[in-house]
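In the working numbering, the protein residues as written are 1 to 532.
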Ligand code: FAD
Ligand code: SIN
């Protein structure tokens with residue numbers, strides 16, 4: 001049993017900012033399932049959106065976000081987040097994040113940052129650090145956390161379940177609202193389970209695109225936070241809006257990596273295999289249309305031609321400029337035999353980001369007392385039906401900072417007695433196949449039946465298959481000692497089910513949810529959130 005004031009589950013941008021900002025108020029534990037660096041944040045390429053140019057305005061950023069989100073975003077939330085963006089970028093600079101400057105001899109100040117453009121933005125407003133923005137941000141945050149004496153870091157520790165009233169000794173009084181007291185944590189190196197009690201818990205577990213076989217995410221992104229919050233009784237919203245990034249490097253072996261939208265922002269063009277351009281037929285912004293539109297256009301074109309991929313052509317951009325802004329992409333493509341200054345890059349869309357998540361206020365509060373969320377796992381209302389590029393890091397930054405400074409955070413709370421984890425001792429090796437096979441099957445179902453374009457028939461088939469698989473996995477989970485693979489596969493099944501059920505509830509097409517049976521949007525019936 002370990003006691004903390006603040007338990008932070010997840011070491012991406014959302015988790016680390018919350019940890020740093022609460023460390024002045026109490027003892028903090030950061031729990032993370034691999035190393036501190038293993039997270040979506042570390043993979044972020046394009047940058048962080050913020051109004052930093054005199055020609056730009058908050059209202060334009062608000063409008064671009066709202067339009068990209070197909071009018072489902074909440075304007076007041078969008079406005080608040082957009083307004084706080086410059087101050088939070090300054091916060092990252094103060095922590096030591098080195099953003100790319102207009103000119104390398106200038107001081108690292110907001111007005112000197114170089115800005116790039118991405119899909120759906122009417123202005124250049126993305127602050128970046130070459131094509132490794134996330135890694136640069138993580139380096140600064142990790143250094144600050146490691147220096148802080150009030151922060152204990154537990155790598156290779158996996159949160160299994162949030163502790164709520166079900167886990168409190170029955171001798172204690174009934175508590176009327178669902179309340180979180182911390183989490184059961186598996187030490188992955190020893191397979192032992194410990195209770196971490198905390199007055200406030202921040203669930204910052206990131207996204208779940210690993211539910212799909214073709215995705216841009218690191219392997220930690222198995223949607224654990226959505227599953228834990230759902231099982232604890234929090235409302236989950238808008239899970240049907242799975243954003244596919246239009247340009248992942250095409251790899252027939254299934255090992256894609258992202259080619260940043262900023263490459264298109266700097267002038268690269270999408271071309272079919274026969275060399276034809278096509279995006280002008282789909283949207284006035286062409287290759288820089290919002291992401292859902294570009295991915296769907298690619299999906300239509302590839303279905304028409306039968307091709308497995310198309311090309312992103314950057315060869316007309318000066319080679320030195322490409323290598324300077326995109327050193328990581330240049331190197332990764334070269335390792336796969338493509339010199340991006342000389343040849344077009346083979347690309348295909350891949351599952352990238354969940355626009356929905358746990359219902360969360362602007363201050364990171366959830367339905368559950370003392371449980372906060374921020375980052376990709378949370379749904380504040382910023383993104384609506386489709387996220388505007390580079391608004392995710394922004395949201396993680398603003399909401400986690402606000403949650404840390406929320407006025408109720410200093411409440412004095414008496415810890416209740418928590419029931420120990422009931423561990424089964426016998427491990428049934430023979431049935432391990434339930435875990436190893438079903439993970440692949442879930443991935444294949446999601447990729448094939450619940451992809452960029454959907455039909456109600458396929459969604460219904462997916463639903464019944466996922467339910468059966470979930471039963472098998474859950475049964476295994478209850479009769480065997482806990483292992484990381486079991487928890488992750490169970491969580492993927494829960495997330496898959498949340499996505500499919502939400503998709504079935506929305507009988508229209510909007511943003512990242514396109515269903516052939518209802519190809520138009522229906523503002524009369526569906527200009528509202530899908531809540532589970
Ligand atoms: P993450 O950074 O993913 O952190 C989640 C953390 O939770 C990890 O440390 C993980 O190990 C931990 N965790 C998960 N489950 C458990 C568990 N059960 N127990 C313990 N720990 C757990 N967005 C932008 O705005 N701009 C960009 O340029 C951009 N580029 C991107 C490029 C790529 C390739 C990808 C994949 C995403 C990109 N995004 C971008 C999206 C953005 O990076 C993420 O949405 C954002 O980083 C999420 O931050 P987070 O803190 O919520 O989660
Ligand atoms: C990218 O660099 O294209 C990713 C940006 C994002 O996901 O916001």
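Note that beta-carbon positions come from the ideal geometry of N, C-alpha and C, so glycine has one too.
Check: residue 210 C-beta below 7 Å from any heavy atom of the ligand SIN: Between the ligand SIN and residue 210, a heavy atom-to-CB distance of less than 7 Å is absent.
In this structure, what does DSSP give as the bridge partners for residue 346? In the DSSP output, where bridge partners are listed per residue, residue 346 has 311.
Cutoff 8 Å; reference residue 380; Cβ partners in own chain excluding five residues on either side: Take residue 380, set aside five residues on each side of it, and the residues of its chain with a beta-carbon closer than 8 Å to its own are 74, 77, 81, 360, 361, 362, 395 and 399, in chain order.
Please determine if the region 479 to 486 and the region 443 to 451 are in contact, where contact requires at least 3 C-beta pairs separated by less than 8 Å. In short, these stretches do not touch, since the Cβ pair count stays below three.
Please say whether residue 385 and residue 70 have beta carbons closer to each other than 8 Å? When the beta-carbon positions are compared, residue 70 and residue 385 come within less than 8 Å of each other.
Taking its Cβ as the centre, do 16 or more other Cβ atoms sit within 10 Å of residue 159, making it buried, or is it exposed? Classification of residue 159: buried, given that the 10 Å Cβ count is 16 or more.
At the level of alpha carbons, what is the spacing between residue 109 and residue 513? It is roughly 40 Å from the alpha-carbon of residue 109 to the alpha-carbon of residue 513.
Using a Cβ-Cβ cut-off of 8 Å (strictly less than) and excluding sequence neighbours within five positions of residue 423, which residues of its own chain qualify? 193, 481 and 482.
Under 8 Å, do residue 222 and residue 491 count as touching if we go by C-beta distance? The beta carbons of residue 222 and residue 491 sit closer together than 8 Å.
Pocket of the ligand SIN (residues with CB nearer than 5 Å to any heavy atom), chain order: Counting only heavy atoms of the ligand SIN, the residues whose C-beta sits closer than 5 Å to one of them are, along the chain, 45, 46, 260, 261, 389 and 390.
Three or more C-beta pairs below 8 Å linking the region 309 to 318 and the region 190 to 205: No, the region 309 to 318 does not touch the region 190 to 205.
Would the beta-carbon of residue 291 fall within 8 Å of that of residue 245? Yes. Within cutoff.
Spatial neighbours of residue 357 in its chain, beta-carbon cut-off 6 Å, leaving aside the 5 residues before and after: Excluding positions up to five away in sequence, the list reads 377, 378 and 379.
With 16 other Cβ atoms within 10 Å as the buried cut-off, status of residue 249: Classification for residue 249: buried.
Considering only C-alpha positions, which residue in the set 310, 289, 198 and 465 is nearest to residue 65? Distance from the Cα of residue 65 is smallest, within the candidate group 310, 289, 198 and 465, for 289.
Local Cβ density within 10 Å of residue 331, reported as buried at 16 or more and exposed below that: Its Cβ having fewer than 16 others within 10 Å, residue 331 is exposed.
Give the straight-line distance between the Cα atoms of residue 327 and residue 517, rounded to the nearest whole angstrom. If you draw a straight line from the Cα of residue 327 to the Cα of residue 517, it comes to about 43 Å.
Quick check: is any heavy atom of the ligand FAD less than 7 Å from the C-beta of residue 39? Indeed, a heavy atom of the ligand FAD lies less than 7 Å from the Cβ.
Cβ-Cβ separation, residue 7 to residue 183 (assumed contact under 8 Å), whole Å: The Cβ separation is near 6 Å, so the contact holds.
Checking 8 Å against the spacing of the C-beta atoms, do residue 52 and residue 86 come in under that value? The answer is yes: Cβ separation under 8 Å.
Is it a yes or a no for the region 122 to 137 touching the region 38 to 54, going by three-plus beta-carbon pairs under 8 Å? When C-beta atoms of the region 122 to 137 are compared with those of the region 38 to 54, three or more pairs fall below 8 Å, so the two segments count as touching.
Assuming the contact rule is C-beta atoms closer than 8 Å, residue 188 and residue 36 should be a hit. Round their C-beta distance to whole Å, please. Between the beta-carbon of residue 188 and that of residue 36 there is about 14 Å, and that puts the pair past the 8 Å contact cut.
Buried versus exposed call for residue 54 [16 or more other C-beta atoms within 10 Å across all chains shown]: The residue is exposed, with fewer than 16 neighbouring Cβ atoms inside 10 Å.
Do residue 530 and residue 237 come within 8 Å of each other at the CB atom, strictly closer than that value? The answer is yes: Cβ separation under 8 Å.
Measuring only from the beta carbon, is residue 482 closer than 7 Å to any heavy atom that is part of the ligand FAD? No; taking the cut-off as 7 Å, the Cβ of residue 482 has no heavy atom of the ligand FAD nearer than that.
Assigned secondary structure, residue 58 (DSSP; H/G/I helix, E/B strand, else coil): Residue state, collapsed to three classes: helix.
In this structure, what does DSSP give as the bridge partners for residue 533? The requested residue 533 is not part of the displayed model; the chain covers only 1 to 532.
Residue 225, enclosing alpha helix (DSSP H) - first and last residue: Looking at the DSSP string, the run of the alpha helix (DSSP H) that includes residue 225 is 224 to 232.
Compute every distance between the C-beta of residue 359 and the non-hydrogen atoms of the ligand FAD, then say whether any falls below 7 Å. No; taking the cut-off as 7 Å, the Cβ of residue 359 has no heavy atom of the ligand FAD nearer than that.
Would the C-beta of residue 11 count as close to the ligand FAD, meaning under 7 Å from any of its heavy atoms? Annotation for residue 11 indicates a beta carbon within 7 Å of some heavy atom of the ligand FAD.
Please confirm if the region 469 to 476 is in contact with the region 368 to 377, defined as three or more CB-CB distances below 8 Å between the two stretches. No: the two stretches stay apart, fewer than three of their Cβ pairs being nearer than 8 Å.
For the beta strand (DSSP E) that residue 249 lies in, which residues bound it at each end? In this chain, the beta strand (DSSP E) harbouring residue 249 covers 242 to 249.
Is the CB of residue 303 under 8 Å away from at least one CB in chain C? In the structure shown, chain C cannot be found, because there is only a single protein chain.
Would you report the Cα separation of residue 308 and residue 345, rounded to the nearest angstrom? If I take the Cα positions, the gap works out to 13 Å.
Considering only residues of the same chain and omitting the five flanking positions on each side of residue 23, which have a CB-CB separation below 6 Å? So the list reads 148, 150 and 151, once near-sequence residues are dropped.
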